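J.: Numbering (this note's numbering), first residue to last: 266 to 999. One structure follows; several queries about it will come next.
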């Protein structure tokens with residue numbers, strides 16, 4: 266505290282420009298030293314003991330607060346209130362009772378009428394509140410009088426100075442004078458948590474404080490640390506020009522289910538129409554942040570006033586004191602999987618198939634022991650292999666494309682093998698869970714014996730079989746084969762205890778013909794964000810045309826080389842595009858197929874093969890490099906019932922690496938992306954695809970903005986977030 270007394274004692278003697286320059290220089294050095302603890306403090310995401318989550322199952326809490334330090338800020342409060350209201354937000358305005366402006370009674374009443382909260386911000390905002398305990402107690406009498414007069418229950422000190430033990434003198438429900446991490450404050454010691462916490466009065470029983478809480482006794486209060494950097498720190502002290510740090514920290518807090526608490530100051534905001542001074546930043550930066558929250562996390566956050574968060578926390582603690590059963594309420598209790606036995610059935614290859622691999626790894630990381638049975642791809646793969654807690658058994662059964670009878674024979678053989686494998690294993694161990702990946706749907710019946718012995722069964726529907734088989738074999742919707750597949754789907758879903766699927770379009774299909782919606786959880790096929798490491802669209806490299814056109818414009822196609830994925834459409838578009846973009850090149854990643862060979866023969870006849878680079882099969886890391894080296898990704902699907910409902914993972918892969926992507930305008934994609942979030946083309950139309958390729962080539966600035974909007978959607982569905990949905994669903998099931 267001595268350092269603070271010296272600073273605030275000398276403050277009136279030092280001209281403001283000199284103070285600002287000194288603070289910025291100190292802050293620059295502090296920022297260099299604090300790179301590992303700011304703006305994110307590792308470990309601060311740890312959940313509080315017996316934490317049950319936020320109301321209504323929301324992923325995180327959003328709390329907005331505004332400190333009004335001076336008469337300048339007071340004059341801007343209504344503009345700031347209207348800005349919050351424009352986005353449907355409510356916030357807390359904290360006023361200084363004895364500062365350089367009068368009690369804003371009329372403004373306080375107007376804020377209350379609009380659903381806002383009013384709090385007390387220090388007493389005089391002079392940095393001297395905590396000079397001595399005796400002096401603080403004297404000032405506490407005045408603060409309590411203002412609290413009662415204003416009907417306020419919250420407090421925040423000036424300059425974020427704090428003495429939490431002294432604050433028990435105040436009749437408050439919460440204080441908001443601390444932070445998770447902020448090395449730029451006069452008292453830089455953070456609380457290292459992104460959650461509210463209880464501050465008990467010294468010398469009293471911790472639980473009784475909560476259950477017997479009264480305004481007169483004041484046995485404790487809730488502390489609400491701010492978790493996003495203050496606007497004054499970000500824009501005035503560190504001179505950031507974008508709210509990117511706010512957004513990055515918000516994403517991290519949302520991922521870990523914490524409390525996003527932002528403290529801004531109308532004093533430092535410059536609203537439209539007024540000249541901006543050196544002590545201000547554009548209010549548009551705050552607007553941009555609100556837009557980001559509203560669009561990216563719609564429906565996912567609990568937007569609350571500080572007093573509501575404090576009340577929620579007090580209720581949680583009271584419940585724990587009276588009933589020690591919060592484990593049953595805790596939504597993120599995923600550690601309960603430790604020691605659980607899980608069987609996984611997969612008519613595919615492990616670890617090559619990404620969705621089953623990520624799911625198994627997520628369960629294993631939470632302590633589950635997994636027996637996984639899958640296909641064996643020749644003698645090159647061992648029949649048995651162990652990956653940590655995942656024990657893989659491979660069946661010598663070659664998967665190949667063929668006629669309907671071929672599919673039936675392969676599926677039947679694997680279902681029977683899986684049935685006998687699990688039946689024999691169940692004699693020596695009891696499974697808690699069997700996770701079955703389609704196709705086929707009926708593979709779920711391989712888990713009959715474990716289910717009879719008490720195991721829960723999950724059916725993970727990657728693709729709707731009726732629609733996929735209609736596409737592959739060109740079947741009509743009312744054909745006998747399709748009707749049989751729909752009936753088998755219904756039986757399979759009925760047998761399972763929980764159904765997972767890949768997007769909203771598939772969920773609607775299954776719920777319309779096979780089960781109720783609440784039995785189905787969506788876990789999107791997001792790419793592994795440890796492999797596809799996110800790159801901000803702000804550093805997106807867009808193609809710039811050379812004067813002589815010598816720099817190649819690289820388009821990438823990666824994925825299965827089958828007709829429905831439209832490799833032939835890509836080449837038709839390429840033929841049209843190269844007239845206007847002579848340097849265009851199409852790079853192709855994927856396993857050779859008969860379809861690919863036929864299309865390339867057609868390309869050779871037209872001389873298109875000179876513009877095509879076939880890269881062959883690429884692993885994930887090589888795909889990452891291929892995407893980084895391209896200028897544009899394309900998903901040139903043909904129109905059919907399957908591609909109408911599909912949400913290709915490749916979209917997210919391009920966006921993760923800040924690359925533009927042209928995607929078909931379909932239901933499965935538009936459930937997540939708006940018209941301006943991607944470059945869309947008409948499904949199955951090579952002419953429109955060519956037009957959009959030329960647009961991407963000719964409009965790099967607009968394309969870069971589209972990438973950033975698309976990335977905002979992707980960040981709502983990273984594998985880190987989808988993984989939590991998976992684990993929480995399984996935790997509740999068990």
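Where is the CB? At the ideal position from N, CA and C, for every residue including glycine. Remember, it's a predicted structure, so these values are computed and weren't measured experimentally.
Using beta-carbon positions only, say whether residue 500 and residue 550 come within less than 8 Å of one another.
T.: Yes, Cβ-Cβ distance for residue 500 and residue 550 is below 8 Å.
J.: Among the residues of its own chain, which have a CB less than 7 Å from the CB of residue 356, if the five just before and after it don't count?
T.: Contacts found: 329, 330, 331, 349, 381.
J.: Exposed or buried, what is residue 588 when buried is set at 16 or more other beta-carbons lying within 10 Å of its beta-carbon?
T.: Unreliable placement is indicated for residue 588, whose pLDDT of 43 sits below 50; the coordinate value is still reported in the next sentence. With fewer than 16 other Cβ atoms within 10 Å, it is exposed.
J.: Along the chain, which unbroken stretches of the beta strand (DSSP E) at least 3 residues long are found entirely within the region 315 to 383?
T.: As far as the region 315 to 383 is concerned, its whole beta strand (DSSP E) runs of at least 3 residues are 325 to 333, 357 to 360.
J.: For residue 771 and residue 842, what's the separation of their Cα atoms in angstroms?
T.: Spanning the two alpha carbons is a distance of roughly 34 Å.
J.: What is the DSSP secondary structure of residue 632, reduced to helix, strand or coil?
T.: In the structure shown, residue 632 sits in coil (DSSP, three-state: anything other than H, G, I, E or B).
J.: Helix or strand or just coil, what does DSSP make of residue 812?
T.: Its pLDDT being 43, under 50, residue 812 is placed unreliably in this model, and the coordinates cannot settle the point.
J.: Where does the unbroken beta strand (DSSP E) through residue 463 begin, and where does it stop?
T.: Where residue 463 is concerned, the enclosing beta strand (DSSP E) stretches over 462 to 465.
J.: Does the Cβ of residue 599 have 16 or more other Cβ atoms within 10 Å, making it buried, or fewer, making it exposed?
T.: The predicted position of residue 599 is uncertain, since its pLDDT is 42 and thus under 50; no value can be drawn from it.
J.: So the beta strand (DSSP E) residue 567 belongs to, where does it begin and stop?
T.: Taken as a continuous stretch (DSSP letters only), the beta strand (DSSP E) holding residue 567 covers 566 to 568.
J.: For residue 625, which of helix, strand or coil comes out of DSSP?
T.: Residue 625: helix per DSSP, three-state reduction.
J.: Using the beta-carbon count (16 or more within 10 Å), is residue 462 buried or exposed?
T.: Exposed, since its Cβ has fewer than 16 Cβ neighbours within 10 Å.
J.: In the region 398 to 456, which residue ranges form an unbroken beta strand (DSSP E) of at least 3 residues, counting only runs that do not cross its ends?
T.: Entirely contained in the region 398 to 456, the beta strand (DSSP E) runs reaching 3 residues are, in chain order, 419 to 421.
J.: In whole angstroms, what is the alpha-carbon distance linking residue 645 and residue 304?
T.: Taking the straight line joining both Cα atoms gives about 48 Å.
J.: In the DSSP assignment, find the beta strand (DSSP E) that holds residue 898 and state where it starts and stops.
T.: Element bounds for residue 898: 897 to 899.
J.: Excluding sequence positions up to five away, which residues of its chain have a Cβ less than 7 Å from the Cβ of residue 351?
T.: Here the set comprises nothing.
J.: Per DSSP, residue 725 is paired with what?
T.: Answer by DSSP bridge pairing, in chain order: 702, 765.
J.: What does the Cβ neighbour count give for residue 901, buried or exposed, with the cut at 16 atoms within 10 Å?
T.: With 16 or more other Cβ atoms within 10 Å, it is buried.
J.: Given residue 932, which residues of its chain have a CB within under 7 Å of its CB, disregarding the five upstream and five downstream residues?
T.: So the list reads 770, 909, 910, once near-sequence residues are dropped.
J.: Tell me, which residues are paired with residue 534 by DSSP?
T.: 546.
J.: State the DSSP-derived secondary structure class of residue 484, mapped to helix, strand or coil.
T.: Here residue 484 sits in coil by DSSP.
J.: For residue 310, report the span of its alpha helix (DSSP H) as first-last.
T.: Careful: residue 310 lies outside any alpha helix (DSSP H) and carries neither H nor E.
J.: Quick check on the burial criterion: 16 or more other C-beta atoms within 10 angstroms. Buried or exposed for residue 677?
T.: Counting Cβ neighbours within 10 Å, residue 677 comes out exposed, since fewer than 16 surround it.
J.: Starting from the Cα of residue 491, find the closest Cα among 510, 524, 877 and give me that residue.
T.: The residue with the shortest Cα to Cα distance from residue 491 is 524.
J.: Could you name the residues of the same chain whose beta carbon sits closer than 7 Å to that of residue 792, not counting the 5 residues immediately before and after it, in chain order?
T.: Hits under 7 Å: 914, 917, 918, 921, 984.
J.: At what residues does the beta strand (DSSP E) containing residue 752 begin and finish?
T.: Careful: residue 752 lies outside any beta strand (DSSP E), inside the alpha helix (DSSP H) at 745 to 760.
J.: Please say whether residue 508 and residue 554 have beta carbons closer to each other than 8 Å?
T.: Yes, these two residues count as a Cβ contact at 8 Å.
J.: Based on the DSSP secondary-structure assignment, which residues constitute the bridge partners of residue 386?
T.: Looking at the DSSP assignment, residue 386 forms a beta bridge with 421.
J.: For residue 988, count neighbouring Cβ atoms within 10 angstroms of its own Cβ and tell me buried if that reaches 16, exposed if not.
T.: With 16 or more Cβ atoms within 10 Å of its Cβ, residue 988 is classed as buried.
J.: List the DSSP bridge partners of residue 820.
T.: Beta-bridge pairing links residue 820 to 851, 897.
J.: Can you name, in chain order, every residue of its own chain whose Cβ lies under 6 Å from the Cβ of residue 656, other than the five neighbours on each side?
T.: Correct list, in chain order: 636.
J.: Do you know whose CA, among 359, 602, 835, 513, lies nearest residue 441's CA?
T.: Ranking 359, 602, 835, 513 by Cα distance to residue 441 puts 359 first.
J.: Quick one: is residue 420 buried, meaning 16 or more other Cβ sit within 10 Å of its Cβ, or exposed?
T.: Its Cβ being crowded by 16 or more others within 10 Å, residue 420 is buried.
J.: Report the residue from 852, 824, 825 whose alpha carbon sits nearest the alpha carbon of residue 836.
T.: Comparing Cα-Cα distances from residue 836 to each of 852, 824, 825, the minimum goes to 852.
J.: Restricting to Cα atoms, I'd like to know which of 337, 544, 454 is closest to residue 497.
T.: Ranking 337, 544, 454 by Cα distance to residue 497 puts 544 first.
J.: Within 10 Å of its beta-carbon, does residue 991 have 16 or more other beta-carbons around it, so buried, or fewer, so exposed?
T.: With 16 or more other Cβ atoms within 10 Å, it is buried.
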